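I have placed the structure first, in the form of structure tokens, so that the comments after it can refer back to it.
Numbering (the numbering used here), first residue to last: 572 to 819.
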């Protein structure tokens, strides 16, 4: 199996980047008030962190990546200050990981999380869903949720078919049903909301093509509701800070 989806090949040291994310995130937990590990279901990882803002009229719900089998919400708390600065509140969403959970399980958990969030007293008027990498795949599958007002998809995967031919599938064990029903690019549903697709110019060619092809499909269906932008000189990791610091 060939892994055309190895993001580590695009940077000097993926481990160093992730360690920096974790260190900066730990600092944010220390500096900012956060309610951690709020359970939205009974499984061990089905919880979320809330960086609350009483004045917020918008809530950003962030879904992390890691190819559905790695990373933790706590690795990405460094995005919270950028969100709070915009007088929005930030939710970091966690979910179960493969191989302990199937992709179908994970998608169901994310749906359950959003249903939980919109029922809470602290929920604001609007919900902006932001997903990165595999998190963008999960966010794309939630675009039809009636309480999602807007979505941002960063460096996402929208067609699962190529994934089955990579080492990533050893943990995922994708079924044909999952490939057919959980690939956002195959959805024909019309969406009446704005959503944005972003990718870095220094990302894997496979990911850039995923974003471009998904945009073409969705633009045909939803027209001006969807936009695509490729950021030059931005990679799979710097896209997070670039978006939250300069675009949000």
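Glycine included, C-beta positions come from ideal geometry on N, C-alpha and C.
Since the model is a prediction, treat every value here as computed from it, not as a measurement.
Residue state for residue 610 is assigned as strand, using DSSP reduced to three classes.
Nearest to residue 787 by C-alpha distance, out of 730, 816, 745 and 682, is 730.
Going by DSSP, residue 809 is part of the alpha helix (DSSP H) stretching over 809 to 813.
Each residue's CA atom was taken as its position, placing residue 712 and residue 797 some 15 Å apart. In the DSSP assignment, residue 760 falls outside any beta strand (DSSP E) and carries neither an H nor an E.
The Cβ-Cβ distance between residue 715 and residue 762 falls below 8 Å. For residue 800, the enclosing beta strand (DSSP E) begins and ends at 797 to 802. Taking C-beta atoms as the reference points, residue 653 and residue 819 count as a pair closer than 8 Å.
About 5 Å separates the Cβ atoms of residue 619 and residue 609, confirming a contact at the 8 Å cut-off. Where residue 660 is concerned, the enclosing beta strand (DSSP E) starts and stops at 660 to 664. Residues 653 of the same chain have their beta carbon placed closer than 6 Å to that of residue 816, with the five preceding and five following residues left out of the count.
Non-local C-beta neighbours of residue 670 in its own chain, meaning closer than 6 Å and more than five positions away in sequence, comprise 742, ordered along the chain. Of the other Cβ atoms in all chains shown, 16 or more fall within 10 Å of the Cβ of residue 728; this residue is therefore buried. Counting only residues of its own chain and dropping the five nearest sequence neighbours on each side, residue 789 has a CB closer than 7 Å to the CB of 797. DSSP, read as helix, strand or coil, puts residue 714 in coil. Straight-line spacing of the CA atoms in residue 764 and residue 720 works out to 6 Å. For the 8 Å CB-CB criterion, residue 650 and residue 623 do not form a contact.
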